[in-house]
Amino acid sequence: MVKLVFLGRFREIANPALAQVALPGHVHTLAGLRDWLAQAEPALGRALESARTQVAVNQAIVRDPSHPIANDDEIAFLPPMSGG
Amino acid sequence: MTIRVTEEAFDPGAEIAAFNTALNDGEGPGDAGALASFVGYCRAATAGRPVGTLYIEQYPGFTAREIQRLADDVSRQLGTLDLLVVHRVGTIHPGEAIVLVAALAAHRAEAFEAVRLLMDYLKTDAPLWKKETGPDGARWIEPTAQDHARRAKAGEQV
């Protein structure tokens, strides 16, 4: 099982059932996870596509799409930030 | 250094007074000669459209830590003596303070610069997501081209 966190406008599109999810056996990397999400939830997949979407694994930003995913990871999808 | 991400409304004047007192109580750095601050408020209208409420979402834990990292960077760059950031999250009404940044330094130049630089960082790099609700519905706000230009000028990824 992994924990998926969707922030901001992604949260409004994402299926709440994705918060705790068992990934299929062939999903081992962030790129694989994004492909799987795009198939399972096309609207969410399109929203995540932007080059400005950032991904955090266990609360640290990761830019490498080949980053491996381990059981119990917390993976967050972050739209462009707008603080201040 | 104090970083606070809070759902509660706050009084910027009281926060600044407390920040100042903490530095002059004999325990803080004694060479502080300048305090600069900035307060961002929730506007009643944006470009002529009334704003009902503002909603700001955080990523609990991550957000405060990232703001801390940005503040550490500003402190290192400018040699400030202390920094204060208070950022609201949740539902915010017009007239309420959204963000307070204050800097204590030996002299005014570093204090002004620290506040400006940290605000530039917060606009594009703080993990916060802002949604405006007005009469024509709600929309998520993203940094403007101007915010990105200011951030680019402020420095590379920290």
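Residue numbers (my numbering), protein chains in the order written: chain L, 66 to 149; chain H, -14 to 143. Ideal Cβ placement from N, Cα and C applies to all residues, glycine included. Please read all numbers here as calculations on a predicted model, not as lab measurements.
Around the Cβ of residue 66 of chain L, are there at least 16 other Cβ atoms within 10 angstroms (buried) or fewer (exposed)?
exposed
Taking only the alpha-carbon atoms, compute the straight-line gap between residue 124 of chain H and residue 106 of chain L and give it to the nearest angstrom.
If I take the Cα positions, the gap works out to 22 Å.
Which runs of the beta strand (DSSP E) fall wholly inside the stretch 52 to 128 of chain H and span at least 3 residues, in chain order?
67 to 73, 75 to 77, 82 to 90, 113 to 119 and 122 to 126
Determine whether the Cβ of residue -14 of chain H lies closer than 8 Å to any Cβ atom of chain L.
no
At a Cβ threshold of 8 Å, is residue 143 of chain H touching chain L?
For residue 143 of chain H, the predicted model reports a pLDDT of 47, less than 50, meaning its position is unreliable; a value from the coordinates is still stated below. By the rule that beta-carbons nearer than 8 Å mark a contact, residue 143 of chain H does not touch chain L.
According to DSSP, simplified to helix, strand and coil, what is residue -3 of chain H?
helix
Quick one: Cα of residue 96 of chain H to Cα of residue 65 of chain H, how far?
7 Å
Taking only beta-carbon atoms, is residue 67 of chain L less than 8 Å away from chain H?
Nearest CB-CB separation between residue 67 of chain L and chain H: not below the 8 Å threshold.
Straight-line CA distance for residue 143 of chain L to residue 86 of chain H?
So the two alpha carbons sit approximately 24 Å from each other.
How many Å lie between residue 114 of chain H and residue 80 of chain L at the Cα?
19 Å
Could you name the residues of the stretch 43 to 75 of chain H whose beta carbon sits closer than 7 Å to any beta carbon of chain L, in the order they occur along the chain?
44, 46, 47 and 72
Please check if any C-beta of chain H sits within less than 8 Å of the C-beta of residue 145 of chain L.
yes
Are the beta-carbon atoms of residue 48 of chain H and residue -10 of chain H separated by less than 8 Å?
yes
So with CB distances below 8 Å, who are the chain L contacts of residue 128 of chain H?
145, 146 and 147
Are the CB atoms of residue 40 of chain H and residue 80 of chain H within a distance shorter than 8 Å?
no
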